[in-house]
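The UniProt record's numbering applies: residue 1 is where the sequence shown begins, and numbers increase by one. Positions of the beta carbon are idealized from the N, C-alpha and C atoms, including for glycine. It should be emphasised that the depicted structure is a prediction, and the values quoted were computed from it without experimental measurement. One structure is given here, and the rest of the page talks about it.
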Amino acid sequence: MADATDRACEVAHGTAADTGDMPEAARRLVAVYAGAVASYLLHWGREVGFQTVLLEPDRALVTRGHRAGADAVHHDPSQVSLHDADVVVTDHHRGDLGAVMAPLVRARPRWIGILGSPRHDGPHHAALAAEGVDEALIATVRRPIGLDIGSKTPAEIALSTLAGLLADRNGRAGGVHPAGA
């Protein structure tokens, strides 16, 4: 019988499935708003074991590429199962930000965050307050998100975000392994 190290190597080399200790339903990634970052999140999220969901209220913005990466596409927040979901809001400039985010925040997913530079105030705060969301719930929205790797392109932002989500799910801080560890 293989020990835990051998099993980890088998999974890493693709010779064994990672059944993990997390139920499949608990690995749901909800990307809010279609765009380049969402496309990468959906495709790569599926590759690392997430059930991928796109929430985009504007049907015209959902491309074939988004559909290819998403296990499900929804246009209304009430259609999305948020139980133990990781929710990533990929566009903080949308006019419907508060209306779309309010039911998501109130549903209390496992994790919710919004893209945006830490150098600027997040517009989600005022948008959610305008929707009557309690300050304590607004404070659960993480910003900035992802690992601090200096991301600039949509692919880099998605990679940073997914790495941060995986670190959080696995109880790790993220970042470089200490020497000799």
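Given 8 Å as the limit, is there contact between the region 118 to 128 and the region 158 to 176, that is, 3 or more CB pairs closer than that?
-> A contact is defined here as three or more CB-CB pairs under 8 Å, and the region 118 to 128 fails this definition with respect to the region 158 to 176.
With distances taken from CA atoms, which of Arg110, His92, Leu54 is nearest Ala68?
-> Residue numbering aside, residue 68 sits at position 68 when the sequence shown is read from its first letter. Check the Cα spacing between Ala68 and each of Arg110, His92, Leu54: the tightest is with Leu54.
Give a yes or no on contact between the region 37 to 44 and the region 63 to 80, applying the rule of three or more CB pairs nearer than 8 Å.
-> Segments in contact, yes.
Would you grab the beta carbon distance between Arg64 and Ile112 for me? Rounded to a whole angstrom, and I think it's under 8 Å.
-> Reading the sequence shown from its first residue, position 64 is the one you call residue 64. Reading the sequence shown from its first residue, position 112 is the one you call residue 112. Arg64 to Ile112, Cβ: 27 Å. No contact.
Helix, strand or coil at Trp126 [DSSP, three-state] = Working through the sequence shown from its first residue, we reach residue 126 at position 126. It should be noted that the sequence gives Ala, not Trp, for residue 126. It is helical.
Under the three-state reduction of DSSP, which class applies to Ala34: helix, strand or coil?
-> Within the sequence shown, the letter at position 34 stands for residue 34. Coil.
Which residues does DSSP pair with residue 195 in a beta bridge?
-> A question about residue 195 goes unanswered here, because the residues of the chain that appear run from 1 up to 181.
Bounding residues of the alpha helix (DSSP H) (the contiguous stretch that carries Val100) = As a position in the sequence shown, residue 100 is number 100, starting the count at 1. For Val100, the enclosing alpha helix (DSSP H) stretches over residues 97 to 106.
The beta strand (DSSP E) spanning Ile112 covers which residue range?
-> Position 112 of the sequence shown, counted from the first residue, corresponds to residue 112. In the DSSP annotation of this structure, the continuous segment of the beta strand (DSSP E) that includes Ile112 starts and ends at 111 to 114.
Can you tell me whether Gly146 is buried or exposed, with buried defined as 16 or more other CB within 10 angstroms of its CB?
-> Within the sequence shown, the letter at position 146 stands for residue 146. Counting Cβ neighbours within 10 Å, Gly146 comes out buried, since at least 16 surround it.
Looking at Val87 and Asp104, is the spacing between their C-beta atoms short of 7 Å?
-> As a working mapping, residue 104 is identified with position 104 in the sequence shown. As a working mapping, residue 87 is identified with position 87 in the sequence shown. A small correction: the amino acid at residue 104 is Leu; Asp does not occupy that position in the sequence shown. Yes. Within cutoff.
Report back the beta-carbon spacing between Thr90 and Val48 to the nearest angstrom; my notes put them in contact at under 8 Å.
-> As a first step, residue 90 is located in the sequence shown; it is residue number 90 there, counting from the start. As a first step, residue 48 is located in the sequence shown; it is residue number 48 there, counting from the start. That belief does not hold up - the Cβ atoms of Thr90 and Val48 are roughly 17 Å apart, past 8 Å.
Pick out whichever of Ala31, Leu61, Val62, Ile138 has its Cα sitting closest to the Cα of Thr52.
-> Numbered from 1 along the sequence shown, position 52 holds the residue referred to as residue 52. Thr52 has its Cα closest to that of Ala31, out of Ala31, Leu61, Val62, Ile138.
At what residues does the alpha helix (DSSP H) containing Thr161 begin and finish?
-> Sequence index remark: in the sequence shown, residue 161 carries index 161 (1-based). Counting along the chain, Thr161 sits inside the alpha helix (DSSP H) bounded by residues 154 to 169.
Does DSSP put Ala136 in a helix, in a strand, or in coil?
-> Within the sequence shown, the letter at position 136 stands for residue 136. Ala136 sits in a helix when the DSSP states are folded into three classes.
Ala173 (DSSP reduced to helix, strand or coil) | As a first step, residue 173 is located in the sequence shown; it is residue number 173 there, counting from the start. In this structure, DSSP gives Ala173 a state outside helix and strand, which the three-state scheme calls coil.
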